[in-house]
Structures are given as structure tokens and as C-alpha cells.
Amino acid sequence: MRKLPLVAIPLVLFVLLVVFLFQGLFSDPRALDSQATGKPLPTFELPDLMDPDITYTQSSFKGDVTILNVWGVWCVTCAVEMPYLTELRQQQGVRFVGLYFDQDLDPDFGTKTLSRVQQEVTNMLARFGNPYTYNIFDVYRDTSLDLGVTGAPEHFVIDHHGVIRLHHVGDINERVWNNKVGPVYRKLVAEMQQASAQAGEP
Numbered sequence: 001m002r003k004l005p006l007v008a009i010p011l012v013l014f015v016l017l018v019v020f021l022f023q024g025l026f027s028d029p030r031a032l033d034s035q036a037t038g039k040p041l042p043t044f045e046l047p048d049l050m051d052p053d054i055t056y057t058q059s060s061f062k063g064d065v066t067i068l069n070v071w072g073v074w075c076v077t078c079a080v081e082m083p084y085l086t087e088l089r090q091q092q093g094v095r096f097v098g099l100y101f102d103q104d105l106d107p108d109f110g111t112k113t114l115s116r117v118q119q120e121v122t123n124m125l126a127r128f129g130n131p132y133t134y135n136i137f138d139v140y141r142d143t144s145l146d147l148g149v150t151g152a153p154e155h156f157v158i159d160h161h162g163v164i165r166l167h168h169v170g171d172i173n174e175r176v177w178n179n180k181v182g183p184v185y186r187k188l189v190a191e192m193q194q195a196s197a198q199a200g201e202p
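Residue 202 is where the sequence shown ends in full-length UniProt numbering, and the numbering goes up by one at each step.
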């Protein structure tokens, strides 16, 4: 009788392994939330993609509700979602800021020139639509790493205090907007407007 628990141990471990793998098989990786959620944007100082003389910091996000969109011309899904993001900007006034990084650009060795990156971006936005108020150039991808970005597209909904309130991995389409991202964005805009009204701001 004393040997029975020892015999059962492999069976218990096997069952636990099966349960773990089963959950991973049917879980949605897009549902994983970022460790940055609920925290202020990490500190950064980065140039404007099209005008490097302009510099942005985390303070640039204060005062507006913003969706920070991590993207690149190499990202096929980014091209797919771009027309819908442009529609949201034009029809609903949604404020998108791009966080751009280029897989082929090596800042140390100059694999691709900045002017070439700018031309590729210009061509893509002209073809698929431009939802962005501006694009921040994450040259060394440090800010993307600080945000826990694993790929593109990824989206961070940021309130008017500069705090990340939602992280969405993957594209924003009509379903995702209506069921997940849009309600959070509209709620934050309403909170910002209420705060402005209470402060007596126009």
C-alpha cells in the first residue's frame, strides 16, 4: 500500500502536463496583457520619423487620449489594419500615434538609410491610408522593449495622464474595436472631458 502514492506520481504529473498543454492550445495569445498596463509610459526621448529635428518624450502623451500603434512597413498585418485605423481617425476622431521601428535598419552600420525608410513609410501610408497624428522613430527599439512589445502590430491605449490603460496584441478590426478597444478609448475620452469641465477648461 505504501508504494501506491509513488506509482500515482507519474500519472498525476502526466495529467497536469496535459491540462497545461490543453490550456495553451486553446488560449488566445492576444488576451495576454502587458506588464506595462496600469503604469505610466516608460521614459524615452525619440525623434519624429519624418522630421528628426522634432523630439518626443513620454510627456508628449499628456493631455490627450491616444492609441500608440507599434508598426513597420515590413508588417503585413499592419497594412491590413491601416485602412480601418484611418477610418476611425477620420470618422470618429480617434488619435493614433505610431511607434515605428524598422527590422532592416541598423543604426550602427547603416544597412538602410533614414531617407529610404522615410520613403517606404510615405509610400505605404499613401497606399493604405494614414491614421497617425505623427510617428515616433524607435531607432534602437529600446522603447518597444520597455513596453514589452513582441511584434507588430501592437496597440497601447493611453489616458490623458500618460498612463497605459490597455494593451492589445494584433490588429484592430471592426470586431476588436467594438468589443475591446473602442469602449476603453471612449471611456477615457469621457473621463478626460469630465475632468476638463470640472477644471473649468474650455
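Quick reminder that beta carbons are idealized off the backbone N, C-alpha and C, glycines included.
Have a look at residue i and residue j and give me their C-alpha separation to the nearest angstrom.
i	j	result
Val76	Gly170	11 angstroms
Asp104	Leu46	19 angstroms
Ser115	Gln58	25 angstroms
Gly72	Thr122	12 angstroms
Asn130	Asn173	16 angstroms
Glu154	Thr143	13 angstroms
Gln35	Arg141	17 angstroms
Asp64	Met192	8 angstroms
Ala197	Gln92	21 angstroms
Thr150	His168	11 angstroms
What whole-angstrom Cβ distance do residue i and residue j have, given they're in contact under 8 angstroms?
i	j	result
Leu88	Phe61	Rounded, the Cβ-Cβ distance is 18 angstroms, inconsistent with contact.
Tyr134	Val157	Not quite, the Cβ-Cβ distance comes to about 17 angstroms (not below 8 angstroms), so this is no contact.
Leu166	Val176	About 11 angstroms; that fails the 8 angstroms criterion.
Tyr100	Leu147	Their Cβ separation, rounded to whole angstroms, is 13 angstroms, which puts Tyr100 and Leu147 out of contact at 8 angstroms.
Pro83	Phe128	6 angstroms
Thr43	Ile164	Thr43 to Ile164, Cβ: 13 angstroms. No contact.
Ala195	Met124	Between Met124 and Ala195 the Cβ distance is about 36 angstroms, and since that is not below 8 angstroms, they are no contact.
Mind checking residue i: buried by the 16 CB within 10 Å criterion, or exposed?
i	result
Glu81	buried
Asp33	Interpretation of Asp33 is limited by its pLDDT of 49, a score under 50 that renders its predicted location unreliable; the figure taken from the coordinates is listed afterwards. It is exposed - the Cβ of Asp33 has fewer than 16 other Cβ atoms within 10 Å.
Pro85	Note that residue 85 is Leu in the sequence shown here, rather than Pro. So Leu85 ends up on the buried side.
Ala152	buried
Asp102	buried
Tell me, which residues are paired with residue i by DSSP?
i	result
Phe137	Tyr100
Asn69	Gly98, His155
Glu45	Thr57
Val169	Glu154
Tyr132	Phe96
Cβ contact check for the stretch 95–106 and the stretch 55–72: 3 or more pairs under 8 angstroms: yes
Any 3 or more C-beta pairs closer than 8 angstroms across the stretch 176–191 and the stretch 154–168: The stretch 176–191, when compared against the stretch 154–168, does touch it at the 8 angstroms Cβ threshold.
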